Every structure is written in C-alpha cells, then in structure tokens.
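Written as structure tokens, this is what we have:
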C-alpha cells in the first residue's frame, strides 16, 4: 500500500532549546454567528427502518440562525441523495450529492422544518447499507457499504440554505437500521432483539459555574421569552448538562437498554446470540415497560448494542456526546467540547468572554451523540 | 636515505722491487744463503678517497688496482694504475693513495724501498638520514584479480605525480609533510580520490586496489549509476589509519554516509520529517534497498534523521535510479545498494560518537588469524534531550522519532581471496504523538512502529581468472504497526512478516573481450496482517484529501495472511569491442512469482474462508550499451522491463483486492559523459519510465466484493538529470546535480492524468567540501526543489451530523506547495592523537539562513483561510566522534 507521509515534523531547534512554531495562525473559530448559518439539523426520529411498512414519517428540523437570532422562515431546499460514494472519495458523501440538482436527488421539501411522509428511500440499505443486489449469474457480488464505528449506516440528505450573498450547501444524515453485514444467524437474532433505535440528545440545562466550581441555577431558555443577565467583559464558565442514562439496565427505569427486550420470545432469541464463539455470553431480560410498544430512549449518552468488527462479537457500547457552542457576540474558549464514550460525566464546560458593550447576545448549545442524534437549546444573554 | 661512497682498501699482492735485489737475482746460482726476515710495509695512515660524484647516480661501486712505490721512510713516492675502473675512480684512488703513509718494509730489520699492489674498492651503501620530507611509493592493482595496473596516474595535490610502471608500482619522493589529497586516474580505472598523511623522514608505502572499469558486471557504470565515494577504492596502507569518506563530510548529513543519497540527481527531496526515498518519480515502496545483497525495508529511520547503518560500516552506497541490470528486480523504481566495508583491518578499532540526536559506537577487531569481528549500536535520545529543555511534553505533541539499530559481523578468511561472513542487523523506529482537543471527536493520536531484523551469510571468492562468486542466503523479520485515532474513528494496521532470500552470483571473464554473469535471486515474503478501522486511513498515494482532515468514518476489520515469492535466475553478458570503447551488455531475468492470500472474499460469520493463489512468470530483458568516443567522451543507453508484486497490505479481501497481480514498468535511458579533466566530469541522463497495472482505489460507485482496489492505473515519469562532479582535487571535492522531471498517474482509463503525489519538477543540489588544513574542514550545501503537488480546496460544505466542514476540491494535484530552498553548512575539526586515534568535533547547521520553507498546506475550520505548515528553521547539530 503506497501511503503519503502522514506526519510533518514541526520545527525543533534542539540546540537553542526552543520549540519553534510550525502551524500558521488561522482563524479557527466558527462559533461567532455573523450571517445566516445552519447550525444543526435534528431528524425525528433520528433512526428509521427504510423497509418499515408503512414508511416512517421523518421530520427534519433545522437550527437556522443569524446575527439577530433564530431564523424561523427560510427557503431551505431538502432532498435525499441516492448516489453511493465510490471508495476513491474520502468525504462523507458522494460529490454528486453536493450538486444543486440531478437525478440522484429525491426532493423532500422546502423550509426550516420539513416532513417527509414517504420516509427514506426503500433502497437505502442497498445504496448505503449492508444489503447489496443479488449478483447476476457468473458475476461476483457487490461490496456492501461499510458501517461507521457505531455500526451505523446513513441516508444522506442535501440542503441548500441561503447564506451571506450566496447559498450554502450542506448535508444531514439519517441513520438507517439495516441490520448487520457480517454476523452469524444467532447474532442477527440477538441484534434484532436488543438493538434499539437512537434517540436525540436533550439539553437538560445550561448553568453558569461559580468561582467555587459549582453550577448555578439553569439559565432561562429563549423559548420562555426571558433573558439571562451577564456582566459586560466578564469571563463566564458555562456548564451544559444532559440526562443521565443508566449504565446498567433495570426494568422500569424508563430506558430500554441493550440488555433488555420487549418480549420473552425476543429474550430467548437474544440469549442464543454469540453462541459457539469466543464472544461474551449475551445478557437479555424481558422488559415490556421500557421496551414496548416502542423502546424508550434516553436523551443522554445511551448504551446500545454494536458488532465489534475485530472480534466479530456483539458488545455493549455507549455513545459519546459532542457539544457545539455558538453565540452572536463574545468569544468562547473553545468552539467544541464533549465527553468520550467512556466518560460518564453528563456535563461539559466552556468559557465565554462577554462583550465589553451592553446588548443582547443569542447563545446556542447543540448536543450531538455518536449515532447522529442532535438536540439544542437557545438562550438570550443580556449583557449589562 | 642517501648514498655514501665507502672506499675499502685492500692490500693486494705484495710485490717487492729493489734494484739491489734485482742484480743479485741475475747472477749464477749462489750457494745457499742463510734465511732472511722480511717484513712487508704496514699502512699506518689510510686516506678515504672521495667517491666520484659522477658515479653515485649509477649506484655502482668499482675497484682500482694500483702499484704503490714506498721508500725507506714509508712515504709513497709513486702510484700507477695497474687495472683501471675508469678515469673518475682512477683519479680518486690515485689521489688518495698518494697520501697513504706506511711503516717501511724491512729485511732483517733494515728498511727497504718496495712496490706493492693495492686494490682500492669503491662501494655504495645506504644510510638512513633524517630528512624533512616524506617519500611516497606503492602499488596499484585490480581489486578483483589482484593484478597490477600499469599507467595509472598517481597525483598528489602538491602537483607531484607519476605513472605506475608495468608492475603497477609508483614512487614519488620528497613530499611535504601533512595531509595531502591523492588522486588515481587512468583510462582503465575510475578516478578516485583519497587523503593520505605524510610524515617527515618516513616513507608511505600504499597499496591501492581499485576496480577496473571493464571489470564491472551487472549494472554498468553508466549514467544511471551514481557511485558515491568511497566507491570501489580499497587500500591497505602500512603507516596510515582508516580514512573517512567524502560522503561523511557533506553538510546536512551529520556525518551519515547514507544520507548523501538524498543529494544525488534523480532523488526528490523528502518532506520534513519523512524518510521516504523518491527516485525518478517512483513511489517510495518501488525503490528497493539492499545491504550487501540483503533486502531491507528502508534506508532511513523515521523522520529521516539517520540511516539504518552507521557510517563506520559503510564502504560505498550506490544509487541506480533505473535501468539496472538483471541481477535485481521486484521493483518499478530504482535501486539503492549499500556495500559494507570488508573486515580486514589489523588490530582493534572502533569509534564513539554523539550529537544532540543520538549516540553510537562500533568496534572492530581481528580476534585471530583470518577472523575479524565487528559490532555496532546506535540509539536516539532526541525525545529525552528535548524534554530537558522544554516544559511541555513535547514528545507527545510533536512526532519525534525514537530509534535504535545494531549490527554484528564475523568474517572468516578461508583463503587469501575467499571469505565468509555471518552477520546480522536490527533496526527499530517508533513515532507517537497526540493532539488533544476539548471535543474528543477532534482528538488525534498516531503511533507508528517499524522494526526489522536480518541475519545473513555472505560468501565471496575471487578466482585467479578474475571471476567472482558470491552467495548470500539471508533471513529476517519485518514488523510494522500503525495506530491512528481521529476522534471515534480508529485505524490499526499491523504487519508481521517473515522474509528470506538467496542471492547467488558468478561474474567473470568468458573469453577475450567478453565477460558474463549468471545468478539466482530468490525471495519469499510471508506476512500475517491485521487491519481494522477507517477504510480510508492511512491515505494512499493519489487520495484527494487535506492534511489533518478526518479520515472517512466507515470502518471494517480483517485478518489475513499472504505469501509472495519469486525465484529469478538471470544471465548477463558484457561484450567489449574496438579496444574496450564499445560495451554491449545484454541481460535476461526470468522471474516467476507466486502470490497467495488467505481470503478471497471477506469472512462472513463462521463460514470457513477460502484463499487464493496465483502464479505468473515474467520475462525481463535488460540491455545497456556504452560507447566511448574518446577516453573523455562517452554515450550510454539502457532499457529494461521490471515487475513488482502487490504489497501484502493490498491483498486484504476487505480493504484491498486479494487477486492483485504484478505491476509492470519499462525504463528507457540515454546519456553521455564528459571527463573534462582527470578529476572533473559531467554526466547527463535522459530517462523515461512507463508503468502499467498500478494499484489504486476503485473508482466504481458500486464496487465488487473484495475489489476495493483496482489494478488499471498507469503512470509515466520522464526527465533529465545532470551531474557535474569534482573528485578530490587538492583540498576540495564537490558536485552539482540537477534534475528536471515530471511524474504522472492515471488511476483509471475514465479519469484524467494527474501529477504524482511525489512529483518534483526541479531538484537542484550544489555542495562542496574544503580541507582548510590543520584538521579543519568546511562545507556548504545548497538545495532547491519544487514543492509537492496538492489538490486545491475551492469551497466547503457543512456536515450537520458531525458538525464538520468538508472541503470541495478542484483539479487533482493542480497546485503546488511553494518551492523549498535551504543553505546548509558544516565545519569540523579533527584532533589527532597518535597515528590512529582521532577526535572529530563538528557543527552541522541546516538552513543557515533560517529560510521559512512551507512543507504542507493547512486550512482553518471552515476552509475560508489557507496557510502553510513550515519546516525546520535553522537547526544546528553539534557532535563529536572519537575514532581509534
């Protein structure tokens, strides 16, 4: 395999003992809102089965903002893109999905929030999942699409949103439940019983951390029509919190976890998973309270069942949570913060320097989980 | 040494003549007389005759026979020449004899006058006298056959020179003491320079073994070969110590001989921190590296700071950018062949060196008759030394290479021209760094490791007829590891390989004007690989991406085994015509391959996997022609077909294509050489390399299973390179090299040609080293090269799912990183302690002018701004090396 040099040595002045800077100083921040910007898209539900009958209605909600705050109306064009990405392209989607039009698109609608009753295209698991067409006689089979590290497959959606002077193109991705590409039949049964669709994360609260390190009362969200006073020029540490999801499944805790199934039959099937292999013994309990008729999700870092591609074992995994920070004024210490999948903390902090002049600053906090879910909250800060 | 004349007198027959006696002798017989006591004359005062100056140059003595008349007082009264030895000797003898004083002869106690016969001998004897100059003498002979070479010009930088006689001997008297450059040149030998130390009142007796030009078989000494000193010069000098090579004096190399390869024409400048060797636009993996016939996976440690072999072990390094002969193959690019120094020194020797990057030591000893051993070890500590001068955990942030290497050799001389060596070497590299981010999704980690070990047996025999037999079986392991993490997307690639080979070669004279070579080149590589993680990491040549960009989030995993083997017999001839002016060197290599992968399709559940094996035999003709219009002007041409097996990493059923076959290339070369002076030459070479069946990522929107890679790419590289080279003349040596070239790829018939990722249009190097005297040496090196191609970012789009901006690209590799320019300097001082011990301290400064050289293009988060990562600023490296 021919590779490019992947690392470039930075400047080192060994004799002088000084570490020379080698990266240029570029403006890396995107947290300051200076024009119409799509900050996030929330798909509801965040995960669907393309083969569901009837098709699952999908609602796309856009967080479209400007320097004055939320933009509630905008002609954002939405379309599914059915162009599969060649292996030679290393981006998230086929470059053809970034065109303005073409036969590769299935229009969804126009607007900030759009609803698609037709659901994702039924061929999604063929185009973007592990299902490949049956080979022709004498022809080798096709290559299935590879999942991401969470075992997920995604149907891309392209949007065209108005921007500063020119429209901007972007993508959102709907997680599609297509099953497993390489698994034993028993594992397929277990996965079908114990894998539960993703739920969007929820901003539980945003607080100001005091000098003693404790979080203060939650700020009032913009939906409540109130502002939150802050001092001009003050450096504030914000703390965003999201719900705590159980680390161990307990029936009745309000969350359907990867060790729970909605019925006894499914429990029996799940217990047969990973059998005859070096994989861990499956855990499964029936919990209709949490898992029926639909699995109850958690707005935080959920646990889910995943196929480890190296060991070819079904294992419990946990989502990471990423936090994106935006404001119409001031400056954040970091544009992005978050927690890894192994970090059980359900909060994330970030510093913010308030503007030196009085005024109202819009602030948004967007949460994303590892399986493509998104959620956000908006606040008004009254800089005094 | 001078000649003195010594004159030895010897009394000859004593002839007594007396008038008194004469009369008595003529009478009638007298009655018996009573016995008389006769005492001959006795020389009491001898006078040394002056050896005739006119006769000293002849270097011969002589004997003059005199008749000396002595009176009753013992005084010489007459001298006549009885047997002449020539007027000069006669005169000198007569003048001296006239001054002799005797005790007179006597009869019964009574003094009598006599005449005697006296033999005066003049004899030449050698006497060592202390003189202020030195004498230089020796022998020049063929390294291969040990036959003396006549008419080799031996020139000293004082202006004194001579030609070797029919016995290969030479003599130059009265050379001023100190270090002088010595140059050997001639029609049948390559011009070679070295440095000798002359001591007053001593004679330096040197034997030089050189390779005659027509002796070389296999790859010809044509424009496609660039031989770095000390090339093929082997000498044994009685009273001098081992010499350093020119290569170790090149600025920027820190005394590392093998790093000089980077300064040769046809070699692209490696990016800062890269150890890649890009020759004539070929990928780094396409150029093969050999150490004494043993294939090794790399020439330089990670980061490119050091080569894998210490300079003390290196005799020569040879770069063949292309068009090499049938003795080598399995690569589409060039050939780097490192020859280690034979172990033939008397006594215990070694060296100990250190600088800010690493420390090394080696020892060499003759432990018994015909048995030599050598050991070497080196370890880096740049990560530790940086930690001591910075407050940050620098090593975890910046990819600082950590390496060590070691060598061991045992050579046994079976006969005067037959030896066997058993040796081994180990090499290890580690680079690790972490870039943390408050958002774990942006935290990056990278760890790479490359280890290899080799053991070999090297048998050499030089036949009386000039033939050479070499047999080298070898065995080893390669371990490479790569672990990357970009947020949640990890990549883990491991390759554990066992490799073995056999090289057996005979080359020598077949008939008058014809030499030949026949041999076998075999190699077997068995690999066990694991890879899991992103399907797009690590990036491949030809990938369109931005430095620092997150890899594709799609992941997979695979474990597989491969076996790649080939057994290549070859034959080559070298026919000389027109008094050695024309050489035609045809060659043929038959290279059958076997390529096996353990999985033809990805594993599915518990289904047993099925492997794939295929074999193919390739015929590889090679041809080179050289014609010397005059001893100073020659033209050359070469052609060859080459094949290369796929990399084991590409034979994965998940990440690659298990059924990949061989890639192919054709090399075409033409060139000329001009010997402007005995030590100044210029060589030009034009080249074209065409490649087919290159491996690249599948362009299909719906690729087939186990076909992530396609083998439908083609490539081409063409250009011209120039080398103006001044061999050691007096105190100076240096060269200027320039290559202008273009290297392109076309990954599939459906897409356009693009520049190769390692294309560098212009590569210019000018360097020189000057002996300042008193142990000081100074050197300068200037380098200029075009920047690597890159694909421009023309815009960006937002991925709301991952909260990342993704680049929109323009034409593939349509822009370049700005050019690179650097001036490097080196100064060293050698302190000598006795005849063999020395301490050299040096200061090697790269980028003396602190020129800011862009090494990579980077963008801000949303691709609205672009900047450059710059490479090394001024970098002084101070070091010292003790040699004994």
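Chains as they are written, first to last, in our numbering: chain V, 40 to 423; chain S, 194 to 1077. Beta carbons are placed, not taken as given, at the ideal position from N, Cα and C, and that holds for glycine. No experiment lies behind these values; they were computed from the predicted model shown.
Item                                                                                                                          : Value
Test: residue 410 (chain V) CB closer than 7 Å to a CB of chain S                                                             : no
Closer than 7 Å to chain V by CB, residue 844 (chain S)                                                                       : no
Boundaries of the alpha helix (DSSP H) in which residue 230 (chain S) is found, first to last residue                         : Neither: residue 230 (chain S) is in no alpha helix (DSSP H) and is coded neither H nor E.
Three-state class that DSSP yields for residue 344 (chain S) in the structure shown                                           : coil
Contact the stretch 339-352 of chain V vs the stretch 595-615 of chain S: 3+ CB pairs below 8 Å                               : no
Whole-Å CB distance - residue 882 (chain S) paired with residue 523 (chain S), under 8 Å assumed                              : So it is not a contact: roughly 16 Å between Cβ atoms.
First and last residue of the uninterrupted beta strand (DSSP E) at residue 614 (chain S)                                     : 611-628
Per-residue burial, residue 272 (chain V) [other beta carbons within 10 Å of its own, 16 or more giving buried]               : exposed
Close beta carbons around residue 190 (chain V), own chain, < 7 Å, minus the five adjacent residues each side                 : 345, 346
Endpoints, the alpha helix (DSSP H) within which residue 165 (chain V) is located                                             : 163-166
Residue burial classification, residue 565 (chain S) (beta-carbon count within 10 angstroms, cutoff 16)                       : buried
Residue range of the beta strand (DSSP E) that includes residue 212 (chain V)                                                 : 207-215
Chain V within 7 Å of residue 748 (chain S), Cβ atoms only                                                                    : yes
Cβ-based neighbour list, residue 867 (chain S), same chain, cut-off 7 Å, excluding 5 preceding and 5 following                : 825, 826, 874, 875
Range of the contiguous beta strand (DSSP E) that encloses residue 246 (chain S)                                              : Careful: residue 246 (chain S) lies outside any beta strand (DSSP E), inside the alpha helix (DSSP H) at 246-249.
Members of the stretch 874-896 of chain S that neighbour chain V once the beta carbon cut-off is set at 7 Å                   : 890, 891, 892, 893, 894, 895, 896
Segment contact, 8 Å Cβ cut-off, at least three pairs: the stretch 956-963 of chain S with the stretch 997-1004 of chain S    : no
Neighbourhood of residue 265 (chain S) by C-beta, 6 Å cutoff - its chain only, sequence neighbours within 5 removed           : 297, 304, 306
Residue 131 (chain V) classed as buried or exposed, judged by whether at least 16 other C-beta atoms fall within 10 angstroms : buried
Min CB distance residue 131 (chain V) to chain S below 7 Å                                                                    : yes
Environment of residue 533 (chain S) [buried if 16+ CB atoms lie within 10 Å]                                                 : buried
The beta strand (DSSP E) enclosing residue 352 (chain V), as first and last residue numbers                                   : 352-357
Rounded separation between residue 951 (chain S) and residue 939 (chain S) - CA only                                          : 14 Å
For residue 22 (chain V), the first and last residue of its enclosing alpha helix (DSSP H)                                    : Chain V is shown only over 40 to 423; residue 22 (chain V) falls outside these bounds and no answer can be derived.
Cutoff 6 Å; reference residue 980 (chain S); Cβ partners in own chain excluding five residues on either side                  : 1009, 1010, 1011, 1012
Outcome for residue 967 (chain S) when other beta-carbon atoms lying within 10 angstroms are tallied against a minimum of 16  : exposed
Any C-beta of chain V under 7 Å from that of residue 648 (chain S)                                                            : no
Counterpart residues of residue 865 (chain S) in DSSP-defined beta bridges                                                    : S:828, S:877
Boundaries (first-last residue) of the beta strand (DSSP E) holding residue 194 (chain V)                                     : 192-200
Exposed unless 16 or more other CB atoms sit within 10 angstroms - verdict on residue 235 (chain S)                           : exposed
Closest by C-alpha distance to residue 567 (chain S), when choosing among S:576, S:575, S:556                                 : S:556
Those residues which DSSP pairs with residue 677 (chain S) across a bridge                                                    : S:639, S:684
Residue 470 (chain S) - partner residues in DSSP beta bridges                                                                 : Note: residue 470 (chain S) sits in no beta bridge, so no partner.
Outcome for residue 1028 (chain S) when other beta-carbon atoms lying within 10 angstroms are tallied against a minimum of 16 : exposed
Chain-ordered residues of the stretch 669-691 of chain S with a beta carbon less than 9 Å from chain V                        : 675, 677, 680, 681, 682, 683, 685, 686
For residue 916 (chain S): DSSP bridge partner residues                                                                       : S:876, S:930
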